[in-house]
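Novice: Have a look at this one before I ask anything.
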Amino acid sequence: MGSDPQSAIASLDARSERVPPPEAFAATARVRDPEVLRRADEDWQGWWAEQAEHLRWLRPWDRVLHWDPPHAQWFVGGRLNVADNCLDRHVEAGHGDQVAFHWEGEPGDARSLTYAELRDEVARCANALRELGVGKGDRVNVYLPMIPELPVVMLACARIGAIHSVVFAGFSAQSLTDRIEDAGSRVLVTADGSYRKGRTVPLKEAADDAMAATDLVDACLVVRRTGDPVAMEPGRDHWYHEVVGRQDADCPPEPMDAEDVLFILYTSGTTGKPKGITHTTGGYLTQVASTARLVFDLQPDHDVYWCAADIGWVTGHSYIVYGPLANRVTSLLYEGAPDHPAPDRLWEMVARHRATILYTAPTAIRAFMRAGPEHPAAHDLSSLRLLGSVGEPINPEAWRWYHEHIGGGRCPIVDTWWQTETGAIMITPLPGLTHAKPGAAQQPFPGIKPVVVDDRGDPVAPGEGGYLTLQRPWPAMLRTIWGDDQRYRDTYWSRFGSDVYFAGDGAKLDEDGDLWLLGRVDDVMNVSGHRLSTTEVESALVDHPAVAEAAVSGRADALTGQAIVAFVTLAGEAEEHDGLADELRAHVADRIGKLARPAELHVAPDLPKTRSGKIMRRLLTDLAEGREPGDVTTLANPDAIRALAERTRQARAAARSPGNSE
Ligand code: 7RM
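Counting in numbering that gives the first Met the number 0, the final residue of the sequence shown is number 661, and the numbers go up one at a time with none missing.
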């Protein structure tokens, strides 16, 4: 739990004011009747079956759920195709000319794709993948920036039953290699480069390094985005526009079993090795479509919806690609940085496109707060009617700022709790119904059963903190960890029994029965809404020749939620020198990606250890958080922590003193 759960709870209690749904919004909202929640609770399988009926099934299911804990099968025997549901059925219903995506590149270039155009492009891309030998069940790795080809490739995979594994374009070559190898992909789709903060990022170079480190990839499709020169290996590398451009736009969607795998997405756990979270077809699409429709109150004929996440994260998979398209909504898709070329980039886009819904992360909201309310104030944001938040608890200050300066006091805010593993939103206000409490995700989505429990697995009393568990299977739940079902059982379903899902988050239930999320209780850090494990960063540090040992901890950060603090000891002949910290930070960027770079790095002669030789992380967390280290009596080397505390203090004082930039 972030730092001190009890003090977090106390400060939350003081602020339990309620904000009712704006009348104008509630009058037309999709969910207005609280009965929905009660009914869904009484017959949750019936509720999910009702939600599944919104999709087009090629064969009806025989049974809603087969639950053999911890393995679930939803809509057993049913057949459907995700691309068919997201595209073809809308085109067939006469909506081919409706825009699916208004895309904007960072430099200002733009492209709009209608549902008919997107369907055709997806079909051509699907045929291109087939030409490269991709068939049902094969894995395709995707390493693309936020350009239209990214959703196109995902949907093309879905169309032919291939499994996509999207790797965030900010991840390093090494991370890409690891994910290619774990998934066993023969095909990679990437781009020459991408735009970020006014510069081009050489994506193909990273892809080349990744492919050089494995002999698995024998075909690579390359999208031309920046036009920067790239090396193309004959026989292996193909230009996307050439191969896709010559294909037919006819490619009948493959009828998939509801339980066939749709995608793998890697996420950080408590060890150094990321987990391939595995999602299937029917249940995933059912819950993603249903939550998108009811939580964002989607009105397909009117809304211009914008989820400002990256498709490389689960938020983008579920709420940029599959949820909105399944609901036939018009979305915005933006390639670049939110503050480029100026801090008002997002607001200028909201105003120009008359966006009605915005879904973003608290870390972004805090960055907007810092930039100042004059930036949104300079634009007409009156088209907005609903705001969403995801990725970490939203602090009430940020909630209020978002409500006032972006929502004009007129928009409900949905604070949505969910995980890569849950696939879709699980805990959230319903915007036409729930009286919002700034800072709380509040209520289970209909059909979901969260229970806050103590160490023994017993439900805690209202007001007490505990562990968040989910005590009913849900359609979009992960089915396994790719290639490691034992780890699936151990990580999620062993702490409180094989039918109780342990989310890894702390939570509390207040006197009104509303849920407050209190942050992770394990060694997973949350930096700008992105999950990173302490061990993952430690492994990257230790991998540098100068480092002997490393211990990493997250500390609270006003902007990014948590910031990474690293403590290292040096190897044999290595010496501390100016620039070493930067070198190590660059090394971590190289191994994992820039987002994993420690904000602070302290070199120490020794790390605090127990007599059995384990690093006492708890004490390092105290230091990282700027607290006095707690109980040191069990340490084998109590001097180590005192020396380290002194160094940390000095380094921080130096960083604050004038003349020091960083
Ligand atoms: C969607 C996503 C999951 C972790 C989760 C929490 C934290 C996400 C909220 C939140 C409080 C929220 N997937 N988290 N949303 N905490 N309130 N509304 O973020 O797999 O990348 O991260 O993020 O700790 O366990 S994720």
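Note that CB positions come from ideal geometry on N, CA and C, so glycine has one too.
1) Since I believe Gly465 is in contact with Gly496 (beta carbons under 8 Å), could you give me their beta-carbon distance rounded to a whole number of angstroms?
2) Should Ser656 be labelled buried (16 or more other beta-carbon atoms within 10 Å of its own) or exposed?
3) Please list the terminal residues of the continuous beta strand (DSSP E) segment that includes Pro449.
4) What I want to know is whether the C-beta of Glu645 ends up closer than 7 Å to one or more non-hydrogen atoms of ligand 1.
5) Examine the Cβ distances between the region 88-99 and the region 285-296 and report whether three or more of them are shorter than 8 Å.
6) Could you tell me whether any non-hydrogen atom of ligand 1 is closer than 7 Å to the CB of Glu599?
7) Helix, strand or coil for Asn326, going by three-state DSSP, please let me know.
8) Over the uninterrupted alpha helix (DSSP H) stretch that includes Glu645, give me the two end residues.
9) Let me know if Asp12 comes out buried or exposed under the rule of 16 or more other beta-carbons within 10 Å of its beta-carbon.
10) Quick check: does the Cβ of Ala570 come within less than 7 Å of any heavy atom belonging to ligand 1?
11) Does Ser10 pass the burial test, meaning 16 or more other C-beta atoms within 10 Å, or should it be called exposed?
12) Per DSSP, which one or two residues make a beta bridge with His101?
13) At a cut-off of 7 Å, would you count Arg530 as near ligand 1, judging by its Cβ distance to the nearest heavy atom?
14) Is it true that the CB of Val526 sits closer than 8 Å to the CB of Thr559?
15) Give a yes or no on contact between the region 153-162 and the region 96-112, applying the rule of three or more CB pairs nearer than 8 Å.
16) Can the beta-carbon of Pro474 be found closer than 8 Å to that of Thr285?
17) What are the partner residues of Leu64, as DSSP defines its beta bridges?
18) Is the beta carbon of Thr533 sitting closer than 8 Å to the one on Val551?
19) Grab me the residues of Pro604's own chain with a C-beta within less than 8 Å of its C-beta, minus the 5 sequence neighbours each way, in chain order.
20) Could you tell me if the beta carbon of Arg519 falls within a distance shorter than 7 Å of some heavy atom in ligand 1?
21) Under the rule that 16 or more other beta-carbon atoms within 10 Å means buried, what is Pro428, buried or exposed?
22) For ligand 1, is there a heavy atom less than 7 Å away from the beta-carbon of Asp638?
23) Which residues in the same chain have their Cβ closer than 7 Å to the Cβ of Asp667, if we skip the five residues on either side of it in sequence?
24) Between the alpha carbons of Glu420 and Met476, how many angstroms are there, rounded?
25) Quick one: what's Phe24 bridged to in DSSP?
26) Apply the 10 Å Cβ neighbour rule to Asp309 and answer buried if 16 or more other Cβ atoms are within range, or exposed otherwise.
27) May I ask which residues mark the beginning and end of the beta strand (DSSP E) holding Ile364?
28) CA-CA distance, Gly438 and Trp398?
29) Under the rule that 16 or more other beta-carbon atoms within 10 Å means buried, what is Glu537, buried or exposed?
30) By a C-beta neighbour count over all protein chains shown, 10 Å radius and 16 as the cutoff for buried, is Gln649 buried or exposed?
31) Can you tell me where the alpha helix (DSSP H) with Gly387 in it begins and where it stops?
32) Can Glu599 and Ala555 be called in contact, C-beta distance under 8 Å?
33) Short of 6 Å in beta carbon distance, which residues of its chain neighbour Ser6, apart from the five on each side in sequence? Order them along the chain.
34) Check whether the Cβ of Glu391 lies closer than 7 Å to any heavy atom of ligand 1, and answer yes or no.
35) Using beta-carbon positions only, say whether Leu202 and Pro144 come within less than 8 Å of one another.
36) Would you mind working out which of Asp67, Gly281, Phe100 sits nearest Asp83, comparing C-alpha positions?
Specialist: So, from the listed chains and residues:
1) Here the question's residue 496 lines up with position 497 in the sequence shown. Here the question's residue 465 lines up with position 466 in the sequence shown. Not quite, the Cβ-Cβ distance comes to about 15 Å (not below 8 Å), so this is no contact.
2) For the purposes of this step, residue 656 is taken as the residue at position 657 of the sequence shown. Exposed.
3) In the sequence shown, residue 449 corresponds to position 450, counting from 1. First-last of the beta strand (DSSP E) with Pro449: 449-452.
4) Working through the sequence shown from its first residue, we reach residue 645 at position 646. No; taking the cut-off as 7 Å, the Cβ of Glu645 has no heavy atom of ligand 1 nearer than that.
5) no
6) Position 600 of the sequence shown, counted from the first residue, corresponds to residue 599. Checking the Cβ of Glu599 against ligand 1 gives no.
7) On the sequence shown, position 327 is the one that residue 326 refers to. Coil.
8) Locating residue 645 in the sequence shown gives position 646, where the first residue counts as 1. Note, Glu645: alpha helix (DSSP H), 637-655.
9) Indexing the sequence shown from 1 puts residue 12 at position 13. Because Asp12 sits at a pLDDT of 45, beneath the cut-off of 50, its placement in the model cannot be relied upon, and the following sentence gives the value as read from the coordinates. So Asp12 ends up on the exposed side.
10) For the purposes of this step, residue 570 is taken as the residue at position 571 of the sequence shown. Result no, Cβ not under 7 Å from ligand 1.
11) Locating residue 10 in the sequence shown gives position 11, where the first residue counts as 1. Model confidence at Ser10 stands at a pLDDT of 45, short of 50, so the residue's coordinates are unreliable and nothing is read from them.
12) Indexing the sequence shown from 1 puts residue 101 at position 102. Bridge partners of His101: Ser111, Leu331.
13) Indexing the sequence shown from 1 puts residue 530 at position 531. Yes, the beta carbon of Arg530 sits closer than 7 Å to at least one heavy atom of ligand 1.
14) Position 560 of the sequence shown, counted from the start, is the residue given in the question as residue 559. Position 527 of the sequence shown, counted from the start, is the residue given in the question as residue 526. Yes. Within cutoff.
15) no
16) To locate residue 474, count along the sequence shown from 1; it is residue 475. To locate residue 285, count along the sequence shown from 1; it is residue 286. For Pro474 and Thr285, yes; Cβs fall inside 8 Å.
17) If you number the sequence shown from 1, residue 64 lands on position 65. In DSSP, Leu64 forms a bridge with Trp73.
18) What you label residue 533 is simply residue 534 of the sequence shown in a count that begins at 1. What you label residue 551 is simply residue 552 of the sequence shown in a count that begins at 1. In contact: Thr533 and Val551 (Cβ atoms closer than 8 Å).
19) Position 605 of the sequence shown, counted from the start, is the residue given in the question as residue 604. The answer, listed in chain order, is Thr568, Ala639, Ala642.
20) Within the sequence shown, residue 519 is the residue found at index 520, counting from 1. Within the cutoff, so yes.
21) The count along the sequence shown starts at 1 and reaches residue 428 at position 429. Classification of Pro428: buried, given that the 10 Å Cβ count is 16 or more.
22) Within the sequence shown, residue 638 is the residue found at index 639, counting from 1. No, Cβ of Asp638 sits at least 7 Å from all heavy atoms of ligand 1.
23) This structure does not reach residue 667, given that the chain is present from 0 up to 661, and the question cannot be answered.
24) Here the question's residue 420 lines up with position 421 in the sequence shown. Here the question's residue 476 lines up with position 477 in the sequence shown. If I take the Cα positions, the gap works out to 6 Å.
25) Residue numbering aside, residue 24 sits at position 25 when the sequence shown is read from its first letter. Looking at the DSSP assignment, Phe24 forms no beta bridge with any residue, so it has no partner.
26) Residue 309 sits at position 310 when you count from the first residue of the sequence shown. Asp309 is buried by the Cβ-count criterion.
27) For the purposes of this step, residue 364 is identified with residue 365 of the sequence shown, where counting begins at 1. Unbroken run through Ile364 is the alpha helix (DSSP H), 361-370; no beta strand (DSSP E).
28) One-based indexing of the sequence shown puts residue 438 at position 439. One-based indexing of the sequence shown puts residue 398 at position 399. When rounded, the distance between both Cα atoms is 7 Å.
29) The count along the sequence shown starts at 1 and reaches residue 537 at position 538. Classification of Glu537: buried, given that the 10 Å Cβ count is 16 or more.
30) Taking the sequence shown and counting its residues from 1, the one referred to as residue 649 is at position 650. The residue in question, Gln649, is exposed, as its Cβ has fewer than 16 Cβ neighbours within 10 Å.
31) Looking up residue 387 in the sequence shown gives position 388. Premise fails: Gly387 lies in the beta strand (DSSP E), 385-388, not in any alpha helix (DSSP H).
32) Working through the sequence shown from its first residue, we reach residue 599 at position 600. Working through the sequence shown from its first residue, we reach residue 555 at position 556. Not a contact, by the Cβ cut-off of 8 Å.
33) The count along the sequence shown starts at 1 and reaches residue 6 at position 7. Unreliable positioning characterises Ser6 in this predicted model, as indicated by a pLDDT of 43, which lies under 50. A coordinate reading is not provided.
34) Reading the sequence shown from its first residue, position 392 is the one you call residue 391. Under cutoff, so the answer is yes.
35) On the sequence shown, residue 202 is found 203 positions in, with the first residue counted as 1. On the sequence shown, residue 144 is found 145 positions in, with the first residue counted as 1. Yes; because the gap between Cβ atoms is below 8 Å, this pair is in contact.
36) Against the sequence shown, residue 83 aligns to sequence position 84. Of the listed residues, the one whose Cα sits closest to Asp83 is Gly281.
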